[in-house]
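First the structure, in the form of structure tokens, and then the observations on it.
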Amino acid sequence: MAETVSSLEPATGETLWTGEIGDVDREVGAARAAWASWAAKPLTFRIETMRRFANVVRGQKEKFADLIARETGKPVWEALTEVDAVVNKVDISISAYAERTSQRRLEGSLGAKVAVRHKPHGVLAVLGPYNFPAHLPNGHIVPALIAGNAVVFKPSEKTPAVGEYLVKLFHESGVPEGVVRCLIGGPEQGKALAAHPGIDGLLFTGSARAGMALHRQFADTPHKILALELGGNNPLIVWDMADAFTAATIAVQSAFLSAGQRCTAARRLIVKEGEHEELVEAITRLAERLIVDQPHASPAPFMGPVIDNHAADQLQEGFLELMLKGGRPIKHLDRPDEKKPFLTPAVIDVTGVANRPDAELFGPILQVIRVPDFDAALVEANSTRYGLAASLVGGSPQLYDKFWANVRAGVVNWNKPSNGAPSNAPFGGVGLSGNHRPSAYYAADYCAYPVTSSEAEQARASIGVGLRDPYAANNLEG
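Set out below in structure tokens:
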């Protein structure tokens, strides 16, 4: 009897989907067999296929969003925006491919031409996360397909139904079944896929711990592309902001959207000592008003549960650890039903916590840190091994210039939430947040490699230095 994997609805605990665990060799073999014919198709053919995919997804928007909402627990309104992002990724990726990997002709010496073109890598593995189970893997898959690669996609074991449905929509749009494969399974299948000799690279979105393990594993295979999109311990500085409510709104959006399960979510709120009380009070009041409920509830919730009970348990343990180290709870992390992973937004002052854990608490927990001046705020913002997102709320243009120049992050915002990252720009971080292969608009960079050619219609060759004179040699013999 075949082994199976099941996913549960976080909001209800009921089984949503059950499927058989896939065979890594079979899926990679199928992609390997289909890759060459897909790569040989004209670019225009691949682009038009992606446009059909966008139309197919658009036609299944409500159904797709319902599945995402049920499997992740996120509100339906948010799931609908994720489906929109899947659709929009197509046009963005087409533009990015034209700009980032366009064919170029240059002048060479002696009438030769220099051509720069790009080739696909071959078979790329994609490992997807559970927080945006359609949008984030799709952000790798679409650029990879446009470039001419085949893809083996392993969705998170926590959201396999969404992953399977996404691949089904690719096939319905005309992408050959061998060109996009869905590998169902858990960590064991993910490790086997990453180590498989039949892949030419891996595109990963997930935790820093898993990313570091993959980086070590790929150290022995420099011929394979590895693109890592990891998490963050992101700072949000509020400074010289007269409108406390607006600042609080941005802070709440930064920290608690998607139940805090965004890699760009603000984890640390950095404020000026003595001028923070009104802001923190406004954040607390607003957080208390947030509706936390199941995806289809009415009125619509701001956030749903975290992904599962294990995640909720870990977040509660993390909050307790901050308290035991000296953190002062301002708004507790409550769990109304111990059998379900619903958590209320939490705020805790950790200014007095020595050796604060530099960890990504992937949930609705906002840590408040008070500092005496802006230089200290910058030091605190950079006091992390991560470097994904950072945001400044308030301040003058000059202060923002100082913030932008000194903060260490790949996404830097001003008077915007930390999780406001546009898809038509590069997305990525430094430190433990990635390996300098930004995604989103720059995904085209890691889906194809440049080939430089010197070309001439007629062969010409000469050696001007270092040859013996043949006549001089004959005279010597005589």
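The UniProt record's numbering applies: residue 1 is where the sequence shown begins, and numbers increase by one.
The beta carbon of each residue, even a glycine, is placed where N, CA and C say it ideally should be.
Distance, residue j Cα to residue i Cα
{"i": "GLU172", "j": "VAL451", "result": "33 Å"}
{"i": "VAL347", "j": "GLN253", "result": "13 Å"}
{"i": "THR351", "j": "ASP375", "result": "16 Å"}
{"i": "LYS41", "j": "PRO120", "result": "12 Å"}
{"i": "GLU99", "j": "LYS416", "result": "27 Å"}
{"i": "LYS402", "j": "ILE250", "result": "21 Å"}
{"i": "ALA219", "j": "ARG52", "result": "38 Å"}
{"i": "THR101", "j": "ILE94", "result": "10 Å"}
{"i": "GLN217", "j": "ALA96", "result": "30 Å"}
{"i": "LYS191", "j": "GLN398", "result": "48 Å"}
{"i": "HIS223", "j": "ARG46", "result": "26 Å"}
{"i": "residue 489", "j": "GLU48", "result": "One cannot answer for residue 489 here, as it falls past the ends of the chain, which runs 1 to 478."}
{"i": "ILE283", "j": "VAL162", "result": "34 Å"}
{"i": "LEU322", "j": "ARG267", "result": "13 Å"}
{"i": "LEU16", "j": "GLU164", "result": "13 Å"}
{"i": "CYS182", "j": "ALA69", "result": "20 Å"}
Extent of the continuous beta strand (DSSP E) to which residue i belongs
{"i": "GLU20", "result": "15-20"}
{"i": "LEU214", "result": "That residue, LEU214, is in no beta strand (DSSP E); its alpha helix (DSSP H) goes 208-217."}
{"i": "VAL271", "result": "266-272"}
{"i": "HIS121", "result": "From DSSP, HIS121 is part of no beta strand (DSSP E); its letter is neither H nor E."}
{"i": "THR4", "result": "4-8"}
{"i": "SER391", "result": "389-394"}
{"i": "ILE146", "result": "Counting along the chain, ILE146 falls outside any beta strand (DSSP E), though it belongs to the alpha helix (DSSP H) covering 135-147."}
{"i": "THR452", "result": "448-455"}
{"i": "ASN413", "result": "411-414"}
{"i": "ALA461", "result": "From DSSP, ALA461 is part of no beta strand (DSSP E); its letter is neither H nor E."}
{"i": "residue 482", "result": "Because the chain is modelled from 1 through 478, residue 482 falls outside the range shown and cannot be assessed."}
{"i": "PHE153", "result": "150-154"}
{"i": "ASP349", "result": "346-349"}
{"i": "ASN234", "result": "234-239"}
{"i": "ILE184", "result": "Taken as a continuous stretch (DSSP letters only), ILE184 belongs to no beta strand (DSSP E), as it is neither H nor E."}
Residue i, enclosing alpha helix (DSSP H) - first and last residue
{"i": "GLN253", "result": "244-256"}
{"i": "PRO75", "result": "PRO75 -> no alpha helix (DSSP H), and no H or E assigned at all."}
{"i": "PRO160", "result": "160-172"}
{"i": "ILE283", "result": "277-289"}
{"i": "ILE199", "result": "Here ILE199 belongs to no alpha helix (DSSP H), and DSSP marks it neither H nor E."}
Nearest residue (CA-CA) to residue i, options the options
{"i": "LEU166", "options": "PRO143, GLY73, PRO133", "result": "PRO133"}
{"i": "SER453", "options": "GLY19, HIS118, GLY231, PRO197", "result": "HIS118"}
{"i": "GLY178", "options": "ALA210, VAL162, LEU124", "result": "LEU124"}
{"i": "ASP240", "options": "GLU275, THR264, ALA219", "result": "GLU275"}
{"i": "VAL271", "options": "LEU67, VAL393, ALA65, VAL56", "result": "VAL393"}
{"i": "GLU62", "options": "ALA354, ASP84, GLU321, PHE53", "result": "ASP84"}
{"i": "residue 499", "options": "ALA297, PRO299, ILE369, LEU169", "result": "In the structure as shown, the chain begins at 1 and stops at 478. Residue 499 is therefore absent and cannot be evaluated."}
{"i": "GLU457", "options": "LEU67, VAL114, VAL90, THR101", "result": "VAL114"}
{"i": "ALA208", "options": "TYR449, GLY428, SER462, ASP445", "result": "GLY428"}
{"i": "GLU278", "options": "THR246, ILE365, GLU82", "result": "THR246"}
{"i": "HIS332", "options": "ALA311, GLN367, TYR471", "result": "GLN367"}
{"i": "GLY395", "options": "ARG408, ALA377, ALA409", "result": "ALA377"}
{"i": "THR384", "options": "ILE365, THR49, ARG408", "result": "ARG408"}
{"i": "PRO372", "options": "ILE237, ALA354, ASP445, PRO295", "result": "ILE237"}
{"i": "HIS135", "options": "VAL57, VAL152, TYR400, ASP293", "result": "VAL57"}
{"i": "ALA11", "options": "ARG262, TYR471, PRO336", "result": "PRO336"}
{"i": "LEU214", "options": "LEU324, GLY410, ASN435", "result": "ASN435"}
{"i": "ARG356", "options": "ASP469, GLU288, LYS340, LYS325", "result": "LYS325"}
{"i": "LEU257", "options": "ASN406, LEU269, LEU290", "result": "LEU290"}
Contacts around residue i, its chain only, beta-carbon distance under 6 Å, and the 5 residues preceding and following it disregarded
{"i": "GLY478", "result": "Below a pLDDT of 50, predicted positions are generally treated as unreliable, and GLY478, at 47, falls in that range; no measurement from the model is reported."}
{"i": "ASP334", "result": "THR344"}
{"i": "GLY206", "result": "PRO129"}
{"i": "TYR386", "result": "GLY232, ASN233, GLY431, LEU432, SER433"}
{"i": "GLY318", "result": "LEU361"}
{"i": "VAL151", "result": "LEU124, VAL126, ILE141, ALA144, VAL180"}
{"i": "ALA227", "result": "LEU203, ARG437, TYR446"}
{"i": "ALA112", "result": "SER454, ALA456"}
{"i": "residue 512", "result": "Here the chain comprises residues numbered 1 to 478, so residue 512 is not present and cannot be evaluated."}
Same chain only: Cβ atoms within 7 Å of residue i, ignoring 5 sequence neighbours per side
{"i": "GLY420", "result": "ASN413"}
{"i": "LEU67", "result": "ALA161, VAL162, TYR165"}
{"i": "residue 523", "result": "Residue 523 lies beyond the range of the chain shown here (1 to 478); nothing can be said about it."}
{"i": "ARG262", "result": "ASN131, ASN419"}
8 Å CB neighbourhood of residue i in its chain, flanking five on each side removed
{"i": "ILE21", "result": "ALA2, GLU3, THR4, VAL5, ILE184, GLY185, GLY186, GLN189"}
{"i": "GLU14", "result": "LEU8"}
{"i": "ALA65", "result": "VAL76, ALA79, LEU80, GLU82, VAL83"}
{"i": "SER423", "result": "ALA85, ASN88, LYS89, ILE92, GLY139, ALA440, TYR441"}
The ligand NAP heavy atom lying under 8 Å from the CB of residue i
{"i": "ILE369", "result": "This structure does not include the ligand NAP; it has no bound ligands of any sort."}
Residue-level contact to chain D via CB, residue i, 9 Å cutoff
{"i": "ASN138", "result": "Of the protein chains in this structure there is only one, and it is not chain D."}
The region 100-114 touching the region 148-164, judged by at least three CB pairs closer than 8 Å = no
Cβ pair count under 8 Å reaching 3, the region 75-87 against the region 28-46 = no
Does the region 353-361 touch the region 223-236, meaning 3 or more C-beta pairs lie closer than 8 Å?
-> yes
On the three-pair Cβ rule with 8 Å, is the region 67-74 touching the region 294-307?
-> yes
Count the CB pairs spanning the region 137-153 and the region 186-203 that are closer than 8 Å, and state whether there are at least three.
-> Contact holds: three or more Cβ-Cβ distances are below 8 Å.
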